[in-house]
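Have a look at the structure below, then the notes.
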Amino acid sequence: MDDQKLVQQCLNQRPEAQKLLYERFAGPMLGVCYRYTKSMTDAEDVLQEGFIKVFRNLRQFRAEGELGGWIRRIMVTTALNYLKKNARYQGELAFENESLHPVSNDNPEVTMDAKELAGLIRQLPAGYQTIFNLHAVEGYSHVDIGQMLGIHEGTSRSQYARARALLIHWIKLNNTDHKTDAYARTGI
Amino acid sequence: MHEQEFERSVQQKMEELSFSPSARVWKDVEQEIRDRKERRRVIFWLLPVGLMLALGGWWIFYPGDANLAGKPVSEHKIEVNTNQERNISGPATSNSQQDASAAAPRSVEPQKENERGNTKSGKDRREIVNATTIASAQKLKRESFKNWALQQVQTRASKQRNSFAANVQQPEQANNFSGETAGISQTAAATQPIPINLAQAAAKQLPHAPGPLQEWASTLKKDIARSKKQNWKWGIQVQYGRSSIGQGLSLGGVTQDRAAADPLMNNGSGNNFFGSVNQQSRNSDFISGGFTVQKKLTGGWSVRTGLAYSRYGQQVRVGEAVPRSILPTSVGRNEALASSSVVYRPTGGTGGWYNNRYHQLSVPVVLQVQPSRAIPLEIVGGMQLGYLVGGRELRYDTTAKLYYPARPEQQRVQLSLQAGIQYRIATGRRYELLGGPHLNYHLTRLDAAHTGRQRHLYAYQLGLQLRKK
Numbered sequence: 009m010d011d012q013k014l015v016q017q018c019l020n021q022r023p024e025a026q027k028l029l030y031e032r033f034a035g036p037m038l039g040v041c042y043r044y045t046k047s048m049t050d051a052e053d054v055l056q057e058g059f060i061k062v063f064r065n066l067r068q069f070r071a072e073g074e075l076g077g078w079i080r081r082i083m084v085t086t087a088l089n090y091l092k093k094n095a096r097y098q099g100e101l102a103f104e105n106e107s108l109h110p111v112s113n114d115n116p117e118v119t120m121d122a123k124e125l126a127g128l129i130r131q132l133p134a135g136y137q138t139i140f141n142l143h144a145v146e147g148y149s150h151v152d153i154g155q156m157l158g159i160h161e162g163t164s165r166s167q168y169a170r171a172r173a174l175l176i177h178w179i180k181l182n183n184t185d186h187k188t189d190a191y192a193r194t195g196i
Numbered sequence: 043m044h045e046q047e048f049e050r051s052v053q054q055k056m057e058e059l060s061f062s063p064s065a066r067v068w069k070d071v072e073q074e075i076r077d078r079k080e081r082r083r084v085i086f087w088l089l090p091v092g093l094m095l096a097l098g099g100w101w102i103f104y105p106g107d108a109n110l111a112g113k114p115v116s117e118h119k120i121e122v123n124t125n126q127e128r129n130i131s132g133p134a135t136s137n138s139q140q141d142a143s144a145a146a147p148r149s150v151e152p153q154k155e156n157e158r159g160n161t162k163s164g165k166d167r168r169e170i171v172n173a174t175t176i177a178s179a180q181k182l183k184r185e186s187f188k189n190w191a192l193q194q195v196q197t198r199a200s201k202q203r204n205s206f207a208a209n210v211q212q213p214e215q216a217n218n219f220s221g222e223t224a225g226i227s228q229t230a231a232a233t234q235p236i237p238i239n240l241a242q243a244a245a246k247q248l249p250h251a252p253g254p255l256q257e258w259a260s261t262l263k264k265d266i267a268r269s270k271k272q273n274w275k276w277g278i279q280v281q282y283g284r285s286s287i288g289q290g291l292s293l294g295g296v297t298q299d300r301a302a303a304d305p306l307m308n309n310g311s312g313n314n315f316f317g318s319v320n321q322q323s324r325n326s327d328f329i330s331g332g333f334t335v336q337k338k339l340t341g342g343w344s345v346r347t348g349l350a351y352s353r354y355g356q357q358v359r360v361g362e363a364v365p366r367s368i369l370p371t372s373v374g375r376n377e378a379l380a381s382s383s384v385v386y387r388p389t390g391g392t393g394g395w396y397n398n399r400y401h402q403l404s405v406p407v408v409l410q411v412q413p414s415r416a417i418p419l420e421i422v423g424g425m426q427l428g429y430l431v432g433g434r435e436l437r438y439d440t441t442a443k444l445y446y447p448a449r450p451e452q453q454r455v456q457l458s459l460q461a462g463i464q465y466r467i468a469t470g471r472r473y474e475l476l477g478g479p480h481l482n483y484h485l486t487r488l489d490a491a492h493t494g495r496q497r498h499l500y501a502y503q504l505g506l507q508l509r510k511k
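Line order of the protein sequences matches chains A and B.
For the first sequence, the positions run 9 to 196 when my numbering is used.
For the second sequence, the positions run 43 to 511 when my numbering is used.
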């Protein structure tokens, strides 16, 4: 069943279509929620809230765009709201107007798998993690991020640069560990 | 463009990221979607149900025409009971074909008698027939419940007897028990009430088997346990609006022939006239205040009660104030007029307005539902039990041709419908402020039965509620 037909059936309140839509998108969307939160429970909470919004606002979905992209935007917005509301993330989300941190030209090879990389992103402080996700993965500009989070564009740039530097450092460490392990295994 | 390359590789990796959510996520999502559908359905039905309740209430509290209203209550009871006995006694006690055929014409008889006599109005007859039908239905319901209960006791008794007889160590106990249950069977067969002590003894000895009553009780128990977890939250409420009286206006109980007596009748002024009693009137202020306590139930529902004071009003055209010195001697017969501090003379649809006032203390019991979690809007509907603690209204003395204020002759206990919507205007850490329009309509008529008047208070108002979150 194509997306448009699926949406139509969901709008007609067909339970099997609603379940099908959920099953089709729940996995990747949980991946999105996972990147923005610090625990799987939080990620599932965001996923749940997000899907409730999806079903409530399905009438607003325009067939011109991709259904997956539309659901993803809802998930990202829901995740941001969740972070703002949740006391556990409050402290880490206090974006300070930091001085501009230059973006390094370092460009390590990302050899680790998706889950490992997501694990590293989640170890970033919540503020860095959010901005890194929004810019590097979602592709939002710093101007957009500034508007979304209510911060200055420069703050977003600066925090992104720091997040990127930290992540690259961890990736390099990880790569070295892997190489060491590989050498150890081959006996060189 | 190293940065872009790094971001691209991260983006690619993240596209692959996928997890299987736990089963509870879909369960909760599904529950929420279904709840919303249920709430929509409830709202869809709330309006017609409210309307039917109002009509039903009106039907119950509307006493019919003056002849019927004037009759003592005991007379109605006698008529209803006679019909009821005739209707019910035939088919319920007779088993033979002859009895059954004899019962059918008997049940129609009272209606025919009424038609032949033709002494009652159509409404009287309708009320009697309705009362008879309701009474018959209630009796049949009671009978069927009694039969079901007897059946349950018999089944359990027989089960117990069988198992008891199979395992019995002391035969005399089994015999005793059999004797008891045989007693129950015989009693049931004769459709006589079971002796209470026997039934209690049997019920104590028998194991509990699930029946419709037990299931219902268990569901109720669970619901109560769930709602017990939620605490009652207090609040305060104030309302301001307009109020008036429906179906006729106040002219006092001095005369029955108001059309001939009231000088404001048919004066051609073009002002507000309505109903059969054409006195000019208009809405007056309505104020209300009190405290509320409310408890959250499941699925966006909550129940609210509390205590409220309300002041209803209605303005009536009064003419001009007259000095007491010009009161005619005939006034002495009307003590209320004679002792009145101020009197008014009709001036043909001109002059000032007098505020009729009615003070009420009430206990509302209303249900509130928030149809959508996203919109902080609640729909409120329920009943209010009130007591009219006092008031004053303008009456007309046909002999003296003067208006005078007096204490109204009221039905003190008032049942009213309450409906409205309220929107969450502001919310703090511990409190929230809600406001919106409300409507009250009194199902009970305002005036005492002997006055023969059909007037009902109503008010529409804006309310503010400050309550604990």
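Note that beta-carbon positions come from the ideal geometry of N, C-alpha and C, so glycine has one too.
- Looking from the CA of A:D114, the closest CA among A:G162, A:V15 and A:K180 belongs to A:K180.
- Here the alpha carbon of B:F333 sits roughly 47 angstroms from the alpha carbon of A:V15.
- Here A:R165 is not near A:H177, since their CB atoms are 7 angstroms or more apart.
- Using a CB distance cut-off of 7 angstroms, A:I60 counts as an interface residue toward chain B.
- Residue pairing of B:A363 in beta bridges, as defined by DSSP: B:Y386.
- Ranking A:N182, A:A173 and A:Q137 by CA distance to the CA of A:V40 puts A:Q137 first.
- Residues of chain B with a Cβ closer than 7 angstroms to the Cβ of A:Y97 do not exist; the shortest Cβ-Cβ separation is about 19 angstroms.
- Here B:V408 is bridged, per DSSP, to B:R346 and B:G424.
- Within the same chain, and ignoring the five residues on either side of B:W87 in sequence, no residue has its Cβ closer than 7 angstroms to its Cβ.
- Per DSSP, the continuous beta strand (DSSP E) segment holding B:P479 begins and ends at Y473 to H484.
- The shortest CA-to-CA distance from A:K123 to any of B:V52, B:P90 and B:Q402 is the one to B:V52.
- Beta-bridge partners of B:D489 (DSSP): B:Q452.
- With fewer than three CB-CB distances shorter than 8 angstroms, the region 416-432 of chain B does not count as touching the region 46-64 of chain B.
- The beta carbon of A:F33 is closer than 7 angstroms to those of G76 and I79 in its chain, skipping five residues each way along the sequence.
- Using a Cβ distance threshold of 7 angstroms, A:R43 and A:N141 count as a contacting pair.
- For B:K443, there is no enclosing alpha helix (DSSP H), as DSSP marks it with neither H nor E.
- A:D114 sits in coil when the DSSP states are folded into three classes, being neither helix nor strand.
- Counting only residues of its own chain and dropping the five nearest sequence neighbours on each side, B:Y429 has a CB closer than 8 angstroms to the CB of Q402, L403, S404, R454, V455 and Q456.
- CA-CA distance, B:Y354 to B:L488, rounds to 11 angstroms.
- What B:W68 touches in chain A, judged by beta-carbon distance under 9 angstroms, is K27, Y30, E31, A34, Q56 and F59, going in chain order.
- In the structure shown, A:I153 falls within a helical segment according to DSSP collapsed to helix, strand and coil.
- Taking all protein chains shown into account, B:L349 has fewer than 16 neighbouring C-beta atoms within 10 Å of its C-beta and is therefore exposed.
- Shown here, B:K263 sits in a helix according to DSSP, grouped into three states.
- Annotated three-state conformation of A:H143 is helix, per DSSP.
- Close CB contacts of A:E31 within its chain, under the 6 angstroms cut and outside five residues either way in sequence, are absent.
- Annotation: B:A491 to B:R437 spans about 17 angstroms, alpha carbon to alpha carbon.
- Just so you know, the alpha carbons of B:S383 and B:Y445 end up roughly 12 angstroms apart.
- Annotated three-state conformation of B:E435 is strand, per DSSP.
- DSSP lists no bridge partner for A:S166.
- At a Cβ-Cβ threshold of 7 angstroms, B:Y483 and B:Y502 do not count as neighbours.
- From the listed residues B:S260, B:G92, B:E72 and B:G342, the smallest Cα separation to B:G462 is found for B:G92.
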